[in-house]
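Visitor:
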Amino acid sequence: MNKYCVNGFKFQTEAVSRNKKTNNSSVYIQGDVDGTGQTIEYYGVIQEIIEVRYSGWP
0 MNKYCVNGFK FQTEAVSRNK KTNNSSVYIQ GDVDGTGQTI EYYGVIQEII
50 EVRYSGWP
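The opening position of the sequence shown corresponds to residue 0 in numbering that gives the first Met the number 0, with each subsequent residue numbered one higher.
1) Mind checking which residues open and close the alpha helix (DSSP H) that includes V15?
2) Take every Cβ of the region 27–42, pair it with every Cβ of the region 2–13, and state whether three or more of those distances are shorter than 8 Å.
3) Rounded to whole angstroms, what is the Cα-Cα separation between Y3 and V44?
4) Quick one, are the C-beta atoms of M0 and I48 less than 8 Å apart?
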């Protein structure tokens with residue numbers, strides 16, 4: 000997929016955002032605290048969107 004909307008948020012890949020006025024392909028996730036007490040932060044750019052569905056899950 001190139002675009003995906005979930006919980007009121009719209010995400011799109013870098014390729015889709017490249018020629019637009021606004022960019023919505025960057026992501027930031029605050030991770031766990033490491034051994035020194037610092038919070039690990041992850042930054043990235045969405046290259047591909049994959050939807051996973053688990054059959055049998057409620």
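Quick reminder that beta carbons are idealized off the backbone N, C-alpha and C, glycines included. Bear in mind the structure is a predicted one, so any value in this text is a computation, not a measurement.
Guide: Based on what the coordinates show:
1) Taking the first residue of the sequence shown as position 1, residue 15 is located at position 16. Membership of V15 in the alpha helix (DSSP H) is indicated by the continuous run E13 to S16.
2) For the pair of segments examined, the region 27–42 was found not to touch the region 2–13: the number of CB pairs separated by less than 8 Å stays below three.
3) Start at 1 with the first residue of the sequence shown, and residue 3 comes out as number 4. Start at 1 with the first residue of the sequence shown, and residue 44 comes out as number 45. As the crow flies, the alpha-carbon of Y3 is around 14 Å from that of V44.
4) Walking along the sequence shown from the start, residue 0 turns up at place 1. Walking along the sequence shown from the start, residue 48 turns up at place 49. Going by C-beta atoms, M0 is nearer than 8 Å to I48.
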